[in-house]
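Novice:
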Amino acid sequence: MRSHSLPDSWNLDQILDDLNAHGFAIINQAYPDQYRAQVSQECSHHMDEFREAGIQNGVVSNIRSDHILWINDQLPIAQQHIETLTLFSQSLNQAFYLGIKEVEAHFARYNLGEFYALHRDNPQQKNDRIISTVYYLHPEWQEDWGGQLRLQDKNEKWHIVNPEPNRLVIFQSDLLHEVLISKQQRLSITAWLRSGNSIWV
Ligand code: OGA
Ligand code: MN
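Mapping to the UniProt record's numbering: the sequence shown position 167 is 167, numbers consecutive.
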């Protein structure tokens, strides 16, 4: 699958409307299921390279207990998702003048009991993340497995989003959100669309 155009399942007008009205949008069956299976397999092949997300530059934080692996060109299947998001960024820039220049992404794995406490990806415009996206790539998710994304929209209304397989959630990086405790292995790609103007690292 090459991403010279957005997947058919992406209703661009609807996505832009939702982002404009609520600050977030959801795309179900974002890719052909074959792509979900391939990227899931690529993720599985690199499981032993994941690192604790709560430890950065030797500093330990207890806000999150998941493990992550940054995506680069050694992960060509996941890279295709980044290409699609790069294309999508052009539409966002045209519609909202967001000035997005870069996409950065990592795989995330939440094992039994793991979570990510309430946070914003870009608190007080401290970094250059403009839009956050999360793509869920596990093959199955049941209602009572937890691991929901709880998100406050731009009108301060709370939403609970189940991490349905092959679902892509897109939201403003300044919105408050959390990942509730997961009872099964939960696999995703988090990607940020960035302005590339960061003075903060
Ligand atoms: C994140 C995040 C939400 C999710 O990685 O910053 O908030 O549903 N992820 O995985
Ligand atoms: Mn987040």
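Even for Gly, the Cβ is constructed at its ideal location relative to N, Cα and C.
The structure presented is a predicted model; accordingly, all values stated were derived computationally and were not measured.
Check whether the Cβ atoms of Leu137 and Glu178 lie closer than 8 Å to each other.
Specialist: As a position in the sequence shown, residue 137 is number 137, starting the count at 1. As a position in the sequence shown, residue 178 is number 178, starting the count at 1. No.
Novice: With a threshold of 6 Å on Cβ separation, who are the neighbours of Trp192 within its own chain once the five nearest residues in sequence on each side are excluded?
Specialist: Taking the first residue of the sequence shown as 1, we reach residue 192 at position 192. Glu104, Arg129, Ser132.
Novice: Can you tell me where the beta strand (DSSP E) with Ala21 in it begins and where it stops?
Specialist: Stepping through the sequence shown from its first residue, residue 21 is reached at position 21. Segment 12–22 is the alpha helix (DSSP H) holding Ala21; no beta strand (DSSP E) there.
Novice: Report the option in Asn162, Glu42, Glu156 whose CA atom is closest to the CA atom of Leu176.
Specialist: Along the sequence shown, read from residue 1 onward, the residue named residue 176 stands at position 176. Per the Cα distances, Glu156.
Novice: When the Cα atoms are used, what is the spatial distance from Asn111 to Gln38?
Specialist: In the sequence shown, counting from the first residue as 1, residue 111 sits at position 111. In the sequence shown, counting from the first residue as 1, residue 38 sits at position 38. Near 21 Å, if we compare the C-alpha coordinates of Gln38 and Asn111.
Novice: Looking at C-beta atoms only, is the number of pairs between the region 24–37 and the region 146–165 that lie closer than 8 Å three or more?
Specialist: Yes, the region 24–37 touches the region 146–165.
Novice: How far does the beta strand (DSSP E) with Leu118 in it reach, from first residue to last?
Specialist: Looking up residue 118 in the sequence shown gives position 118. Residues 116–119.
Novice: Looking only at C-alpha atoms, which of Thr190, Asn122, Asn127, Pro139 sits nearest to Leu149?
Specialist: For the purposes of this step, residue 149 is taken as residue 149 along the sequence shown, with counting starting at 1. Selected option, being the one with the closest Cα: Thr190.
Novice: Using DSSP with H/G/I as helix, E/B as strand and the rest coil, what is Gln172?
Specialist: Indexing the sequence shown from 1 puts residue 172 at position 172. If DSSP states are grouped into helix, strand and coil, Gln172 belongs with the strands.
Novice: May I ask you to report which of helix, strand or coil DSSP gives Ala37?
Specialist: In the sequence shown, the residue the question calls residue 37 occupies position 37. Note: Ala37 maps to helix in three-state DSSP.
Novice: I'd like the span of the alpha helix (DSSP H) that includes Ile77, first residue to last.
Specialist: Walking along the sequence shown from the start, residue 77 turns up at place 77. Here the alpha helix (DSSP H) through Ile77 covers 76–96.
Novice: Taking just the CA atoms, how far does Ile77 sit from Ile181?
Specialist: The residue you call residue 181 lines up with position 181 of the sequence shown. The residue you call residue 77 lines up with position 77 of the sequence shown. Spanning the two alpha carbons is a distance of roughly 28 Å.
Novice: Looking at Thr190 and the ligand OGA, is the gap between the Cβ and the nearest heavy atom below 7 Å?
Specialist: By 1-based counting over the sequence shown, the position of residue 190 is 190. Yes.
Novice: Which value, in whole angstroms, describes the spacing of the CA atoms of Gln90 and Gln74?
Specialist: Counted from its first residue, the sequence shown places residue 90 at position 90. Counted from its first residue, the sequence shown places residue 74 at position 74. Roughly 25 Å separates the two Cα atoms.
Novice: Check whether the Cβ atoms of His106 and Leu69 lie closer than 8 Å to each other.
Specialist: Position 106 of the sequence shown holds residue 106. Position 69 of the sequence shown holds residue 69. Result yes, Cβ atoms of His106 and Leu69 sit closer than 8 Å.
Novice: Please report how far the alpha carbon of Phe115 lies from the alpha carbon of Asn62, in whole angstroms.
Specialist: Numbered from 1 along the sequence shown, position 115 holds the residue referred to as residue 115. Numbered from 1 along the sequence shown, position 62 holds the residue referred to as residue 62. Approximately 10 Å between the Cα atoms of the pair.
Novice: On a Cα-Cα basis, can you pick out the residue from Arg109, Thr84, Leu168 that is closest to Glu102?
Specialist: Here the question's residue 102 lines up with position 102 in the sequence shown. Glu102 has its Cα closest to that of Thr84, out of Arg109, Thr84, Leu168.
Novice: Applying the criterion that 16 or more other CB atoms from any shown protein chain within 10 Å of the CB defines a buried residue, is Gly196 buried or exposed?
Specialist: Against the sequence shown, residue 196 aligns to sequence position 196. Exposed: under 16 other Cβ atoms inside 10 Å.
Novice: Could you check if Asp121 belongs to the surroundings of the ligand ATP, using beta carbon to heavy atom distance under 7 Å?
Specialist: Ligands present in the displayed structure are limited to the ligand OGA and the ligand MN, and the ligand ATP is not among them.
Novice: Output the distance between the C-alpha atoms of Gln29 and Asn166, rounded to the nearest integer angstrom.
Specialist: For the purposes of this step, residue 29 is taken as residue 29 along the sequence shown, with counting starting at 1. For the purposes of this step, residue 166 is taken as residue 166 along the sequence shown, with counting starting at 1. Between Gln29 and Asn166, the C-alpha separation is close to 5 Å.
Novice: Considering only residues of the UniProt domain "Fe2OG dioxygenase" (101–195), which uninterrupted beta strand (DSSP E) runs meet the minimum length of 3 residues and lie entirely inside it, listed in chain order?
Specialist: DSSP runs (the beta strand (DSSP E)) wholly in the UniProt domain "Fe2OG dioxygenase" (101–195): 102–110, 116–119, 129–136, 149–152, 158–161, 168–172, 177–179, 186–194.
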